[in-house]
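Reading through the structure tokens given below for one structure.
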Amino acid sequence: MRSLVAVIAVLGVTTLTLTAWTGLAGASAKKTSLTGAGSTFVQPLVTQWTQHYGNAQINYSGVGSGAGIAAISSRSVDFGASDAPMSPDQFSACRGCVQIPWAFSATSIPYNVSGIGYGLKVTGPILANIYLGHIKKWNDKRIRAINKGVKLPDESIVPIFRSDGSGTSYNFTDYLSRVSKEFKQKIGKGTQPSFQVGVGARGSSGVAAKLKSTPGGITYVDVAYAYRNSFKIAKLRNRAGRFVVPSVRSIRASAAAIKKVTSKNNAISIVDPPKSQPKAYSVCTFTWVIVPIQTSKAPDLKRFITWAVTKGQPFGAKLLFVALPKPVQAAAEKSIARIHR
């Protein structure tokens, strides 16, 4: 009898131990949920990250950079994402946020010109004059001069732009403001610039649809989106005088121009890189993740963003994102360390 009681007692202890272990396993299996919104540019890369990151459930909505900044400012999400650095007013409205560079890619210039294939040559000043309304035909002498042997049609040019707040608009107008004084004075750089000519469309999908349906159209959109839609993409002349298409190689060459980060808030611009990078593409951009410095989810956000700027970088290659330059990665990690409960 005593031995039977002893066996029952042992079995009881074993059962309790197994129950407790099962409960702990269930608790550890429950993942934290992080919600983000913003940049459509970086959305394909964030999708890759959510599939490979194992320490939290990441829910991300590509609603545009402007909407992403608004969402984190109102604390309706855990993090925002933008392809444009925040303005002083946006920093103030965000009430204690930090912006951290976490991805690097480029803005392409696709077009829909009758009878013209891939790789039409353009320059920054030509693009500025198109969006200022000065160059109105595809057979304009300035376009013909750099496209010898190409039979350009007498077709009207239709500039297409983002009508919503967009970091891609910021990147594009940052570049045009760098290469054209008139463009800088009359339009300038911004997430929602006041273009005087052309037609607007909302989101990357909107400008893509507009380009497909508009003979003579030209627009700007993130490079992965352009390739995914089989757009014809322009070759853009860089400061070394070479005509370059956006590719992993040319984007990486632009990244190599960054030797240090001097901006305290990580507002880094890399448009129109120097002649010392002859293979560089001229319209590249960082994408930033925006996070409250003080948040109850600080440990989970720090863990995820640290993973994204280090182990998550290789997932961008097939999407034409290149690894962050080492000085930028160091600046990102320094900013991540500021986040706390």
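Numbering (this note's numbering), first residue to last: 1083 to 1423. Just so it is clear, CB atoms sit at the ideal spot from N, CA and C, and this is done for glycine as well.
Other residues of its chain near P1432: CB distance less than 6 Å, five sequence neighbours each side excluded:
In the structure displayed, the chain extends from 1083 to 1423; residue 1432 sits before or after that span and is not available.
Roughly how many angstroms separate the alpha carbons of G1280 and D1246, rounded to a whole number?
15 Å
Measuring straight from C-alpha to C-alpha, what distance separates L1116 and S1378?
11 Å
Touching or not, the stretch 1200-1215 and the stretch 1144-1157, by the rule of three or more beta carbon pairs under 8 Å?
no
Rounded Cβ spacing between K1317 and V1330 (contact assumed at less than 8 Å)
The Cβ separation is near 16 Å, so there is no contact.
Kindly give me the distance between the Cβ atoms of F1277 and Y1213, rounded to whole angstroms, as I take these residues to be in contact under 8 Å.
6 Å
For a quick check, are the C-beta atoms of I1239 and T1255 less than 8 Å apart?
Not a contact, by the Cβ cut-off of 8 Å.
Should the stretch 1295-1314 be called in touch with the stretch 1130-1146, which here means at least 3 C-beta pairs below 8 Å?
No, the stretch 1295-1314 is not in contact with the stretch 1130-1146.
Cα-Cα separation, S1169 to Y1142
23 Å
To which residues of the same chain is G1162 closer than 7 Å at the C-beta, ignoring the five residues directly before and after it?
For G1162, where only same-chain residues beyond five positions count, the Cβ hits under 7 Å are G1118, A1119, G1120, G1150, I1151, A1153, I1154 and I1372.
Roughly how many angstroms lie between the CA atoms of P1396 and A1405, to the nearest whole one?
7 Å
Own chain residues within Cβ distance below 7 Å of T1122, not counting five before or after
Excluding residues within five positions, the ones whose Cβ falls inside 7 Å are G1144, G1146, G1285 and S1286.
Counting C-beta neighbours from all protein chains within 10 Å, is the total for G1398 16 or more, i.e. buried, or is it exposed?
With at least 16 other beta carbons inside 10 angstroms of its own, G1398 counts as buried.
Looking at the unbroken beta strand (DSSP E) that takes in S1138, where does it start and where does it end?
One detail in the question is off: residue 1138 reads as Ala in this sequence, not Ser. Taken as a continuous stretch (DSSP letters only), the beta strand (DSSP E) holding A1138 covers A1138 to G1144.
Taking only three categories from DSSP, how would you classify G1178?
Three-state result, G1178: coil.
State the beta-bridge partners of V1330 as determined by DSSP.
None; V1330 has no bridge partner.
Measure the beta-carbon distance from Y1252 to D1165 and round it to whole angstroms, keeping in mind my assumption that it falls under 8 Å.
7 Å
Tell me which residues share the same chain as Q1172 and place their Cβ nearer than 8 Å to its Cβ, disregarding the 5 neighbours each side in the sequence.
I1151 and S1155
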